[in-house]
Amino acid sequence: PIQISAEQILREAHERQETHTLDPITKIHDAEEYQSHLQTRRKHFEDNIRYRREHIGNWVKYARFEEDNKEFERARSVFERALEVEHRSSELWLRYAEFE
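Just so you know, we're using my numbering here: the sequence shown kicks off at 2 and counts up by one.
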């Protein structure tokens, strides 16, 4: 049998927690500024994914961002990319099903 220490369980639980921080409100005045904002946020999400590819929370937040901005094809693409990384994650499958 494999033994797992309490410290390891707590560390993994802490790593899997999604922090619910509110982003500052950004006022956007025109379409060009909006597109620039989307590009900046997408780059931020892609950087997070490159840094911690196996962290499902990063993928889910990215997909939700795309969904919130009515970019449904992009959101679907993010979920499918995430499933290529971790196809056994029940949380990921559940979020994807809720999205669809």
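Glycine included, C-beta positions come from ideal geometry on N, C-alpha and C.
When only Cα atoms are considered, tyrosine 63 and isoleucine 26 end up about 18 Å apart. Tyrosine 35 counts as exposed, since fewer than 16 other beta carbons sit within 10 angstroms of its beta carbon.
Just so you know, the alpha carbons of lysine 44 and valine 79 end up roughly 13 Å apart. By the criterion of a C-beta distance shorter than 7 Å, arginine 82 is surrounded by no residue of its chain, once the five residues flanking it on both sides are discounted.
Membership of serine 90 in any alpha helix (DSSP H) is not indicated, and neither H nor E is assigned to it by DSSP.
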